[in-house]
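>
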Amino acid sequence: MKRGLRVSGLYALLLLGSIIVLGPIYLALLNALLPRGATADYPPHLLPAGLEFGSFRDAWTDVPMGRYLLNSLAVSSAIAALSVTTSVLAAYAFAFMRFPGRSVVFALFLGSLMVPWEVSVVPNFQTIRTLGWLDSYQGLVVPFAASALGIFLLRQHFFTIPRELRDAAAMDGYGHLRFLWRIVVPLSRPSLGALGVFSFLSAWNQYLWPLLVTNSDDHRTVQIGLALVSSERIDRVDIVMAATVIALLPMLLLLLLFQRQLVRGLTAGAVKG
Amino acid sequence: MKAFPTNARRLRRAAGEWSLAWLLISPAAALFAAFAFYPLGKAMYLSLYETSPFGGKDIYVGLDQWQRVMQDDAFRKSLWVTGKFVLLTVPAGMVLGLALALLSNQRLMGITIFRTIFSSTIASSVAIAAVTWALVLNPQNGILNYVLKELGFRPISWLTDPQWALFAVALTTVWISIGFTTIVILAALQGLPRELYESAQVDGAGRIRTFASITLPLLSPALFFVGVVSTISALQTFGQIDVLTRGGPLGETRVAVYAIYEDAFRHQDVGTACVESIVLFAVIASLTILQFRAVGRRVFYQ
Amino acid sequence: MRTRMLLAHLFAGFVVVAAIGCGGGGTGPQATSTGAPATATQRPARKPFDLTSPVTIDFWHSMGGANATALEALVKDFQAREPNIHVNLVYQGGYTDSFNKLVAVGMNSKDAPAVIQLEDVLTQTMTDSKKTVPMQDFVDRDRFDLGKFVPQARDYYTVDGLLRSMPFNVSSPILYYNANAFRAAGLDPANPPTDFDQLARACEKLMVRKGDQVTRHCIATDITSWYFEQFLAKQGALYVNHANGRDGRADAVAFNSPEGLKVMRWWQEGVKSGLILNVGRNPAGPDALLALVNPDGGAAIALQSSANLRSVVDFLEANKGLNIDPATAPLPSPTPGGKGIVLGGASLWIPATGDTPREEAAWKLVSFLSSAEVQAKWHATSGYLPVRFDSLDLQPVQDLYKKYPQFRLLVDEIRQSPNTRATQGALMGPSQQVRDALVSAIEEMLLRGTSPEQALKQAESQANEAIKRYNRAVE
Chain P
256 MKRGLRVSGL YALLLLGSII VLGPIYLALL NALLPRGATA DYPPHLLPAG
306 LEFGSFRDAW TDVPMGRYLL NSLAVSSAIA ALSVTTSVLA AYAFAFMRFP
356 GRSVVFALFL GSLMVPWEVS VVPNFQTIRT LGWLDSYQGL VVPFAASALG
406 IFLLRQHFFT IPRELRDAAA MDGYGHLRFL WRIVVPLSRP SLGALGVFSF
456 LSAWNQYLWP LLVTNSDDHR TVQIGLALVS SERIDRVDIV MAATVIALLP
506 MLLLLLLFQR QLVRGLTAGA VKG
Chain C
1346 MKAFPTNARR LRRAAGEWSL AWLLISPAAA LFAAFAFYPL GKAMYLSLYE
1396 TSPFGGKDIY VGLDQWQRVM QDDAFRKSLW VTGKFVLLTV PAGMVLGLAL
1446 ALLSNQRLMG ITIFRTIFSS TIASSVAIAA VTWALVLNPQ NGILNYVLKE
1496 LGFRPISWLT DPQWALFAVA LTTVWISIGF TTIVILAALQ GLPRELYESA
1546 QVDGAGRIRT FASITLPLLS PALFFVGVVS TISALQTFGQ IDVLTRGGPL
1596 GETRVAVYAI YEDAFRHQDV GTACVESIVL FAVIASLTIL QFRAVGRRVF
1646 YQ
Chain X
87 MRTRMLLAHL FAGFVVVAAI GCGGGGTGPQ ATSTGAPATA TQRPARKPFD
137 LTSPVTIDFW HSMGGANATA LEALVKDFQA REPNIHVNLV YQGGYTDSFN
187 KLVAVGMNSK DAPAVIQLED VLTQTMTDSK KTVPMQDFVD RDRFDLGKFV
237 PQARDYYTVD GLLRSMPFNV SSPILYYNAN AFRAAGLDPA NPPTDFDQLA
287 RACEKLMVRK GDQVTRHCIA TDITSWYFEQ FLAKQGALYV NHANGRDGRA
337 DAVAFNSPEG LKVMRWWQEG VKSGLILNVG RNPAGPDALL ALVNPDGGAA
387 IALQSSANLR SVVDFLEANK GLNIDPATAP LPSPTPGGKG IVLGGASLWI
437 PATGDTPREE AAWKLVSFLS SAEVQAKWHA TSGYLPVRFD SLDLQPVQDL
487 YKKYPQFRLL VDEIRQSPNT RATQGALMGP SQQVRDALVS AIEEMLLRGT
537 SPEQALKQAE SQANEAIKRY NRAVE
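Chains as they are written, first to last, in our numbering: chain P, 256 to 528; chain C, 1346 to 1647; chain X, 87 to 561.
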């Protein structure tokens, strides 16, 4: 009896939590499906009143949501791939190689973590403008192609790879690059995946930088596109909400498919401290 | 005499290794130099100049600019608002994340569904969150005001009432962070050693005592991590504010990053923005050091 | 009515003839210069140009809602006519966002658009940049006829005797109300209040109270300095000194005046008594309008830009069940009989990129968009007024008025507004900062109870400081 009460209490709390978490998304979907104009009704609709998918069509054709998603996908993937690559290379050098200036350079790299993005944003904008990279993929990607946190975490991980492995490989005539590619990378696949997922997510969620450097639909990311739609189509809440749902779907799908990697990516910093 | 060739060979090999090492770090080094260190120096340089709105000549004003900005009430207020925002979002987000993680760590039927639901806001982004919450918070026909009215309260102009606007933005921010905090804390919970709990049960410790004396200390690294990450992201909050309030009403949601953006890109006053960004940098850096000093050492590492 | 319209037409025509006779476009004998004298005669004439190869041009705009759809259609028409010119229509957020982006990318850089639609108050700043091609250059070369333009709109964008940008969309703040609510309150919807006193009397009937709590307010407004500026113009009062910056560069604001104070007092007292429902800073937001359809409170009247009119009628068309009979009325005047209105809105600018084919293609687009036919279609499909009177006789406009008589009112309002310094709009550099200062003052007054005198004084000193810094930087 007591246990039954406890279990139903827990379920009640779980349900309450779910309502808090899903409520806004539910309302977005609901409003996207409402007939045009019913979004302004009072009292607000809490249950679907008809299913009008026209708003989704408009959000896809009138507003180039597809293009925005594609841009976000391209930019985030490029940032993830590049930052993993640059991090692997640098972390390997810091973990497995001896060279003069190693500790100084490493300290400097870590120091770059201390320079918050908002300090550098104004000069970086000027740099990108000088390079002629405004409204381009380079401008969106290159400033984020290296990650000090990534280098730090990978270096920590590389330290867990036994030194004997390197010595044995050297005996077999493996140079550094071959060792890196054949042994280190395969051994670190989960860490690399975690870093990739983390970089992808943070690139996907960027707002200030894409807002500054894009100025056409050719390069706008989904965040900027959505923010603009919400002001441009302020008279059509149904379209704005359909666009929101469209913007949400790909990441929701990724979450469902790659939940494990995602959890690993996000907790990498916490677990290893 | 004999040692010479080996030495040379070793030297040559070492030189080869050095240059390879430098080659490997060079892409990252170049990027950090160009997009982290150079801008830091440039920001310091620009902070001493008054820039004209349409490019062209910059006038050297030196520390006068610093003096003006430090005495500027609007900027001081933005630092204060930033602090309030951190206090409004970080503890609430952590408590909520902890609660949901504890809930979804229960062994119940269908718990994985709830876990997925709780982590789902990670798929959301600031723009999505801001646009959906604008719907929830709409003063005329938003659900929140509808509920308030049904309960007999006066409706609130969430985004335009200076008393509520920052709270409303914080609400949105906490909501986005739920997914992240829950995931991290839940992962830590699942990594806790079972044996400790079993021995606690043997000792007859109650639920609350077990939580306070075992779970919480063991969770401290994860909580610390969540705290640091949430603080950093709260200090960098921009998107929600850009979509929802644009810093208004009466500057109540004009956090420091928004002030920097507004001065640099709306008022075309780059010098002022650079002073503000360096001050913010100093604040963040000292906060981080403090956080690590004060809390970091007391965190219980396994 | 008919005769008055005819007179207005004749009068407008007369002013234009006089202005063209002076080789400028100003209203006076010769528009006064603020800097170096630059008259049309001293400028090198723009060379003729034949566009032979295909050009792609960007057109940055800030139209939302029904107006965005209408603009897309116009650009499509242009494409059909000029297959050699490809137009990228890009929405850049609000006018300020768009302007900020322009300055950030460099006003005449390769990232700048060929055409940009910017808000009226940016006129002085854009002129000061010296990085735009004055529209006058094209107008003179192609003998483009400005004669049929609404004089106030044309004169707004005329600085130092040169037309700087092409007026494109004109709007004014108007009252939106539900005629059914007027009837229910025993008011005649055909005779809306025209000044503050009449408004107060009508409001007594329109407001609903439960105990001492107001459950339905009279008029919903958002906080914008635009309404304040328009209330000044209604009274014939100036916003900045030197005749609104038209007789010399403005170096101080003029709004801390009895006229300005009257507006601020009305605003504060209205919010206090519940006559006004303040929906706060809500740029381009529809909250004031939403208050009209909220049966559970809200307000009987909404003060909003006429630019939203199309979206409103479209919305109500789709929601017949709301039982709303939409009606509109001109902005009431603080004092009886005030008729002035600043005919701003936005105009089209051509950044001087030095890329001649691009500039010429831009001019083709601009001249197309300001032709009588296109303006007629624009008026009929958006919420904006046409910038020229000859558009009004065309079929699309006639059809529009037959279907939605609410639109005719907008034009009547222009015809009644005198063309004076007060209604030509204020020229000043840091208009955005000045507006920010006013908005903060209004907020301080409405939300914190600062006295109107104190609030205006504070706005004045902030605005003057901004003007001083700006003037120092450009001179």
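Cβ coordinates follow ideal geometry from the N, Cα and C atoms, glycine included.
With DSSP as the reference, identify every bridge partner of X/Asn174, one or two as the case may be.
For X/Asn174, which the question treats as bridged, DSSP gives the partners X/Asp144.
> Between P/Asn470 and chain X, is the shortest Cβ-Cβ distance under 9 Å, so that the two count as touching?
Interface residue, yes.
> Going by DSSP, what residues sit across from X/Lys296 in a beta bridge?
Paired residue(s): X/Gln299.
> Helix, strand or coil for C/Leu1453 per DSSP?
Correct three-state label for C/Leu1453: coil.
> Report yes or no: is there a C-beta of chain C within less than 9 Å of the C-beta of P/Pro290?
By this cut-off, P/Pro290 is not an interface position.
> I'd like to know whether the C-beta of P/Arg515 is nearer than 9 Å to at least one C-beta of chain X.
Output row for P/Arg515: interface = no.
> CB X/Lys406 to CB X/Ser503, shorter than 9 Å?
Cβ atoms of X/Lys406 and X/Ser503: not closer than 9 Å.
> List the residues that DSSP assigns as beta-bridge partners of X/Gly431.
X/Val256.
> At a CB distance below 9 Å, what residues from the stretch 1451-1485 of chain C approach chain X? Give them in sequence order.
Flagged, chain order: Asn1483, Pro1484, Gln1485.
> Should the stretch 441-456 of chain P be called in touch with the stretch 401-415 of chain P, which here means at least 3 C-beta pairs below 8 Å?
Flag = yes, the stretch 441-456 of chain P and the stretch 401-415 of chain P touch.
> Indicate the three-state DSSP secondary structure (helix, strand or coil) for X/Ser32 in the structure shown.
The displayed coordinates of chain X run from 87 to 561. Any statement about residue 32 of chain X would go beyond what the structure contains.
> Anyone know if the C-beta pair for X/Leu523 and X/Ala552 falls short of 9 Å?
The sequence given here has Ala at residue 523 of chain X, not Leu. Closer than 9 Å, so yes.
> Threshold first: 4 residues or longer. Then list the alpha helix (DSSP H) segments lying entirely within the stretch 467-552 of chain X, N to C.
Listed in chain order, they are 481-489, 492-502, 517-534.
> Put C/Thr1396 into one of helix, strand or coil per three-state DSSP.
Looking at C/Thr1396 - three-state DSSP - the assignment turns out to be strand.
> Can you tell which of X/Ala131, X/Ala462, X/Trp353 has the C-alpha that lies nearest to the C-alpha of X/Val525?
Per the Cα distances, X/Trp353.
> Closest to X/Ile387 by C-alpha separation, out of X/Ala404, X/Leu273, X/Thr307, would be which residue?
Minimum Cα distance to X/Ile387 is reached at X/Thr307.
> What residues from chain C crowd round X/Asn550, counting only those whose CB sits closer than 7 Å?
Within 7 Å Cβ-Cβ: nothing; X/Asn550 doesn't reach chain C, min ~16 Å.
> Rank X/Pro140, X/Ala239, X/Leu408, X/Tyr242 by C-alpha distance to the C-alpha of X/Ala265 and give the top, closest one.
The option with the nearest alpha carbon to X/Ala265 is X/Leu408.
> Would you report the Cα separation of P/Pro298 and X/Gly297, rounded to the nearest angstrom?
Spanning the two alpha carbons is a distance of roughly 23 Å.
> Go ahead and label C/Pro1678 buried or exposed: buried means 16 or more other beta carbons lie within 10 angstroms of its beta carbon, across all protein chains shown.
As shown, chain C starts at 1346 and ends at 1647. That puts residue 1678 of chain C outside it, with no answer to give.
> Considering only residues of the same chain and omitting the five flanking positions on each side of X/Pro516, which have a CB-CB separation below 7 Å?
The answer, listed in chain order, is Ala552, Ile553, Tyr556.
> Touching or not, the stretch 158-174 of chain X and the stretch 131-142 of chain X, by the rule of three or more beta carbon pairs under 8 Å?
The stretch 158-174 of chain X, when compared against the stretch 131-142 of chain X, does touch it at the 8 Å Cβ threshold.
> Can you check which of these residues, X/Pro443, X/Thr536, X/Ala393, is closest to X/Phe254 by C-alpha distance?
It is X/Ala393 whose Cα lies nearest to the Cα of X/Phe254.
> Near C/Leu1564, which residues of its chain fall below 6 Å by C-beta distance, leaving aside the five closest residues on each side in sequence?
So the list reads Ala1533, once near-sequence residues are dropped.
> Tell me the DSSP secondary structure of C/Tyr1405 in three-state form.
Three-state DSSP puts C/Tyr1405 in a strand.
> Under 8 Å, CB to CB, which of the residues in the stretch 170-190 of chain X have a partner in chain P?
Answer in chain order: Asn174, Val176, Tyr177, Gln178, Gly179, Gly180, Lys187, Ala190.
> For C/Leu1635, does the count of other Cβ atoms within 10 angstroms reach 16, so buried, or fall short, so exposed?
Classification for C/Leu1635: exposed.
> Using Cβ-Cβ distances below 8 Å, what residues of the stretch 1606-1632 of chain C are close to chain X?
Going along the stretch 1606-1632 of chain C in chain order, one finds Phe1610, Arg1611, His1612, Gln1613 with a Cβ nearer than 8 Å to chain X.
> Under 6 Å Cβ to Cβ from X/Gly322, same chain only, skipping five residues before and after it: list those, please.
Excluding residues within five positions, the ones whose Cβ falls inside 6 Å are Gly426, Ala508.
> Checking 9 Å against the spacing of the C-beta atoms, do X/Leu542 and X/Phe401 come in under that value?
In this structure, X/Phe401 does not lie closer than 9 Å to X/Leu542 by Cβ.
> X/Val236 and X/Arg534: beta carbons closer than 9 Å?
Contact: no.
> Anything in chain P within Cβ reach of C/Gln1581, meaning under 9 Å, just list it in chain order.
Near C/Gln1581 (Cβ distances below 9 Å), the residues of chain P are Pro371, Trp372, Glu373, Leu463.
> Identify whether X/Leu33 lies in helix, strand or coil by the three-state DSSP scheme.
Since the first residue shown for chain X is 87 and the last is 561, residue 33 of chain X is missing from the structure and cannot be characterised.
> Please classify C/Ile1501: does DSSP put it in a helix, a strand, or coil?
It is coil, neither helix nor strand.
> How is X/Ile305 classed by DSSP in three states: helix, strand or coil?
Strand, per DSSP.
> Please look up how many angstroms separate the CB atoms of X/Val560 and X/Asp214, rounded, as I've assumed it's under 8 Å.
Contact flag correct, Cβ pair sits at about 5 Å.
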